[in-house]
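**Q**
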Ligand code: ADP
Ligand code: MG
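Residue numbers (our numbering): 252 to 649.
1. By the three-class DSSP mapping on this structure, what secondary structure does residue 445 have?
2. When DSSP labels each residue in this structure, what does residue 480 get in the three-state scheme?
3. Answer yes or no: the CB of residue 302 versus the heavy atoms of the ligand MG, is any distance below 7 angstroms?
4. Run the proximity test for residue 606: is its beta-carbon closer than 7 angstroms to any non-hydrogen atom belonging to the ligand MG?
5. Could you give the DSSP three-state label for residue 253: helix, strand or coil?
6. I'd like to know if the segment 389-396 and the segment 264-273 are in contact, where contact means that at least 3 CB-CB pairs between them fall below 8 angstroms.
7. Identify whether residue 512 lies in helix, strand or coil by the three-state DSSP scheme.
8. What would DSSP say about residue 531, mapped onto helix, strand or coil?
9. When the Cβ atoms of the segment 310-322 are set against those of the segment 444-457, are three or more pairs found closer than 8 angstroms?
10. Let me make sure I understand the geometry here. Which of 358, 634, 286 has the alpha-carbon closest to that of residue 328?
11. Any idea what DSSP makes of residue 565, helix, strand or coil?
12. If you follow the alpha helix (DSSP H) that residue 298 is in, where does it begin and where does it stop?
13. Go through its chain and collect everything with a Cβ distance to residue 562's Cβ below 7 angstroms, but skip five positions before and after it.
14. Buried or exposed for residue 408, going by 16 or more other Cβ atoms inside 10 Å?
15. Tell me whether residue 575 counts as near the ligand ADP, meaning its Cβ is closer than 7 angstroms to at least one heavy atom of that ligand.
16. Determine the DSSP secondary structure at residue 630, reduced to helix, strand or coil.
17. If I measure Cβ to Cβ from residue 609 and keep anything under 7 angstroms in the same chain, skipping five residues before and after, which residues do I get?
18. Nearest chain B C-beta to residue 630 closer than 8 angstroms, yes or no?
19. In three-state terms, what does DSSP make of residue 545?
20. Decide yes or no for the touch test of the segment 525-536 against the segment 489-497: beta carbon pairs closer than 8 angstroms, at least 3 of them.
Here it is, written out as structure tokens:
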């Protein structure tokens with residue numbers, strides 16, 4: 252792999268204390284883990300370390316306690332959940348630094364696993380405070396970062412400790428970086444990209460980066476309205492950012508210069524409101540009446556993109572192309588999801604998707620498992636897609 256970090260293959264961990272940064276932000280319902288997907292994906296790293304005789308110390312943030320101890324944001328319920336996934340006991344320390352943590356680490360035998368309390372109970376975590384980082388690092392001999400989803404933040408437990416201990420990427424981090432590298436680092440061309448979602452303003456960097464990297468760029472969702480409006484097309488009452496027209500035109504210009512073909516919607520599903528039983532119509536984007544809103548891409552737009560799919564070797568996708576939460580406007584997004592899944596299954600296409608709502612849409616379409624890689628790492632995934640360095644990954648290379 253092209254990244255300059257060490258993997259677990261290079262770590263000698265038997266009998267050593269290994270601090271593992273995980274992302275344990277799983278949904279909790281009444282104090283119980285409602286979805287253990289994240290834990291299952293983390294298990295290989297923990298199991299490998301324990302099997303090799305390491306003393307495994309797991310740390311993570313949980314939710315946003317803002318530097319205070321908040322019992323409802325304790326990681327305590329995660330210890331039994333992790334134990335169930337690993338099939339071995341997991342101890343819990345009621346603090347992530349200080350005497351309770353030190354004592355728990357001292358009691359740890361080779362091959363045993365300990366979970367520390369929420370790192371964000373201390374303000375030093377998010378501030379990347381050197382003293383807090385040193386206290387965490389002092390618990391261990393080695394550091395393994397397996398929290399790609401937290402890698403866009405320079406916090407004490409992601410960046411601070413990596414500068415204080417010999418550091419390695421965990422297996423999940425390694426897999427995520429390999430998948431993203433295949434998709435954008437050294438993609439097989441032609442590379443297609445789909446960008447949707449609500450606002451151009453939140454994805455300017457992404458659009459700018461993809462418009463020079465991709466060979467075909469489909470822009471959908473409400474952000475496409477801004478591109479249409481910038482070109483003088485009347486979009487009625489559609490969500491649209493009139494203060495972003497210059498940026499939209501600059502993106503189109505950059506794409507043209509670099510030979511990236513931009514597909515904007517040619518037809519749309521429109522309605523007067525988002526009500527569940529509202530009347531809808533399919534119209535060309537040039538025929539949207541003043542009282543209507545564009546809420547999904549139309550069938551001709553989908554067909555036009557699907558025509559391009561068989562030629563593509565790589566596809567990246569972020570952002571639903573319609574207001575998919577309402578079934579009346581989910582057709583475009585679901586059709587794209589199915590078409591991408593089918594192209595991937597046929598073996599030619601490497602498809603990578605991510606983003607909170609995009610993953611929800613893929614699950615709704617029932618095809619999340621059929622893509623090459625689906626990232627659950629919202630913010631970190633987007634930052635990577637924008638071509639930016641992730642501080643915690645960079646820290647592993649140091
Ligand atoms: P992700 O979470 O995958 O990064 P975003 O948060 O950027 O995606 O965008 C998802 C949101 O965009 C959804 O809530 C969806 O309803 C909204 N959206 C998409 N198309 C439209 C549209 N035409 N009009 C209004 N909202 C839209
Ligand atoms: Mg979102």
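For glycine and all other residues, C-beta sits at the position ideal for the given N, C-alpha and C.
Given the structure is predicted, the values throughout are model-derived calculations rather than measurements.
**A** This is what the structure gives:
1. strand
2. Three-state DSSP puts residue 480 in a helix.
3. No, the beta carbon of residue 302 sits no closer than 7 angstroms to any heavy atom of the ligand MG.
4. yes
5. For residue 253, the predicted model reports a pLDDT of 44, less than 50, meaning its position is unreliable; a value from the coordinates is still stated below. For residue 253, the secondary structure class from DSSP, reduced to helix, strand or coil, is coil.
6. yes
7. Judged by DSSP in its simplified three-state form, residue 512 adopts strand.
8. In the structure shown, residue 531 sits in a strand (DSSP, three-state: E or B).
9. no
10. 286
11. strand
12. Per DSSP, residue 298 belongs to the alpha helix (DSSP H) from 288-302.
13. 441
14. By the C-beta density criterion, residue 408 is buried, having at least 16 other C-beta atoms within 10 angstroms.
15. yes
16. helix
17. 568, 569, 570, 571
18. Judged by its chain identifiers, the structure shown contains no chain B, having just a single protein chain.
19. strand
20. no
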